[in-house]
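In my numbering, the protein residues as written are 1 to 378.
As C-alpha cells, then:
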C-alpha cells in the first residue's frame, strides 16, 4: 500500500488538520445516522491499537430559535428516535440549568446528546500515518499527482513529480484537488470549494469552557449555522460559521482571515454565552480551511465504473467527513481489497442526481452575505 500526498505531512492546505473536529451520533439524514455508531467503534479500534486517546465525549447540542429551523431540528430528533439514540429535549430554562454558561432567549430549544464530542484532528492524522507504516504501508509526501492512466497490462498508473507508481486499485481522496486528479481519466465531480474560517476565543474564565463542563454545539439559525467546540489543544474554545466562506480553489485560497466573519462569531458568543467574556472576550487566533462540497452536500464514496475505471474508488467528504475518517478508511480498504463493503454507502453513489445533473440546484445553506449584517438574529 502506498499513500501519495502532494504536500508535507501535517500541512494546513486542506480541511483535515487543526486541533479538533466535532464527532456525533446525531445527523439530520439517515444515511449518516445509521453508520455513526460504527464510526465511534472504528475510532475505538484505532485508540486501542495506538494507545492514544483521540475522541473526547463532552456531549453535544443542536440549538435553534423556534420558527427558524424547526424542520431541521425535527429531522435530528426523528433520526435519533429511529436509531434508538438517547437524547434530551431542553427548553431555554433547562438548557441554562444544565449548562449555566448559556444565556439564551426564551424561545430557543435544544436537543442534547451525551455521546457527542470532539476528535483531536492533527493527532489523529499522525496516529493514522504511523499505524499505517506499522502495518507495512509507505507514504510519499511532497509528491503532486500529474496524471492517472491505465497501462497496457490493464493496471492503473499514477504519475507524480517523484515517479510513476502502478497498482491494481486506486483510492482518490484528494479534497479540493479531486477533479485535478480525476481529469486525466475523464471523470468530473461537481464540487464547490470554499475557504472557511474558525476563531479561537480566549476568556479569563477558562474552566467554564473545558471539555468536562461545556458541550460542543450546533446552532441552526435563519441565515447561518454556527458551531462551537470546547477547549482542546490550546486554552480557547473554537467557533465558526458553517459554509460561510467565499468560493475558491485549492490553488487560489489565500489563508487571509476575514475580520467581518470574526466579528460575527464574537457578537454571537457575547449574546448566547456571556460567561465567555463578562466584557473581556478576546480573539487568540483565527485559522482557515477548505470545504469541498457536492451540490447536495453528501459524500461521494463510489467506483468510477461508468467511466470504465471500476478499479478507481473516489471518496469526497463534502466538508463534514472528519468524524467518519476511521470508518471511511475501513470502507475504502474493503472496497479496494474485496470490491465491496459491509456498510451501506448507497446514498453516496456517483449516480445520484446531484452528481449527474448539471442543473442540480445547490442544497447546502450558504451563510448570509456577511456585509448585510454583523449582528446574528438570535
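All residues carry an ideal CB built from backbone N, CA and C; glycine is no exception. Source: prediction; values computed, not measured.
> Do the CB positions of residue 323 and residue 119 come within less than 8 angstroms of each other?
Replying inline: Yes, the pair counts as a contact, with Cβ atoms nearer than the cut-off.
> For the putative contact between residue 239 and residue 198, defined by C-beta atoms under 8 angstroms, what is the C-beta separation to the nearest angstrom?
Replying inline: 7 angstroms
> Around the C-beta of residue 133, are 16 or more other C-beta atoms found within 10 angstroms, so that it is buried, or is it exposed?
Replying inline: That one is exposed.
> In chain order, what residues of the same chain have a beta carbon less than 6 angstroms from the beta carbon of residue 379, not counting five sequence neighbours either side?
Replying inline: The first residue shown for the chain is 1 and the last is 378, placing residue 379 beyond what the model contains.
> By DSSP, does residue 72 sit in helix, in strand, or in coil?
Replying inline: helix
>> Residues in the same chain with beta-carbon distance under 8 angstroms from residue 2, minus the five sequence neighbours each way, listed in chain order, please.
In response: 137, 138, 139, 140, 165, 167
> Near residue 371, what residues of its chain come up, given a Cβ to Cβ distance below 8 angstroms and the 5 sequence neighbours on each side ignored?
Replying inline: Residue confidence is low: residue 371 scores 32 on pLDDT, short of 50, so the model does not pin down where it sits. Its coordinate-derived value is still stated next. If we look at residue 371 and ignore the five residues flanking it on each side, its Cβ neighbours are 260.
> Where do the N-terminal and C-terminal ends of the beta strand (DSSP E) with residue 316 fall, by residue?
Replying inline: Residues 309 to 316.
> In this structure, does DSSP put residue 5 in helix, strand or coil?
Replying inline: coil
> Where residue 21 and residue 227 are concerned, what is the direct C-alpha to C-alpha distance, given to the nearest angstrom?
Replying inline: Each residue's Cα considered, the two are about 10 angstroms apart.
>> Just to confirm the assignment, what range does the beta strand (DSSP E) spanning residue 219 have?
In response: Counting along the chain, the beta strand (DSSP E) containing residue 219 begins and ends at 216 to 220.
> For the alpha helix (DSSP H) that contains residue 334, what are its first and last residues?
Replying inline: Where residue 334 is concerned, the enclosing alpha helix (DSSP H) stretches over 325 to 338.
> What does a CB cutoff of less than 8 angstroms around residue 17 pick up in its chain, not counting 5 residues either side in sequence?
Replying inline: 10, 11, 121, 122, 125, 289
>> Counting C-beta neighbours from all protein chains within 10 Å, is the total for residue 316 16 or more, i.e. buried, or is it exposed?
In response: buried
> With distances taken from CA atoms, which of 204, 219, 178 is nearest residue 439?
Replying inline: This structure does not reach residue 439, given that the chain is present from 1 up to 378, and the question cannot be answered.
> For residue 56, which of helix, strand or coil comes out of DSSP?
Replying inline: strand
> Whole-angstrom Cβ separation of residue 250 and residue 175, contact assumed at under 8 angstroms?
Replying inline: 7 angstroms
> Closest by CA to residue 237, which one among 357, 222, 223, 209?
Replying inline: 209
>> Helix, strand or coil, according to DSSP, for residue 293 in the structure here?
In response: Reduced to three states, the DSSP call for residue 293 is strand.
> Given a threshold of 16 other Cβ atoms within 10 Å of its Cβ, counted over all protein chains shown, does residue 295 qualify as buried or as exposed?
Replying inline: It is buried - the Cβ of residue 295 has at least 16 other Cβ atoms within 10 Å.
>> Quick check on DSSP: helix, strand or coil for residue 182?
In response: The three-state secondary structure of residue 182, taken from DSSP, is helix.
> Considering only residues of the same chain and omitting the five flanking positions on each side of residue 95, which have a CB-CB separation below 6 angstroms?
Replying inline: Cβ within range, chain order: 102, 110.
> Exposed or buried, which one is residue 97 when buried takes at least 16 other CB atoms within 10 Å?
Replying inline: exposed
>> Considering Cα atoms alone, identify which of 115, 131, 71 is closest to residue 29.
In response: 71
> Which whole-angstrom value is the C-beta distance of residue 60 and residue 113, which I expect to be below 8 angstroms?
Replying inline: 5 angstroms
> Touch check for the region 46 to 58 and the region 77 to 84: three-plus C-beta pairs under 8 angstroms?
Replying inline: no
>> Give me the DSSP bridge partner(s) of residue 31.
In response: Partner(s): none; residue 31 has no beta bridge.
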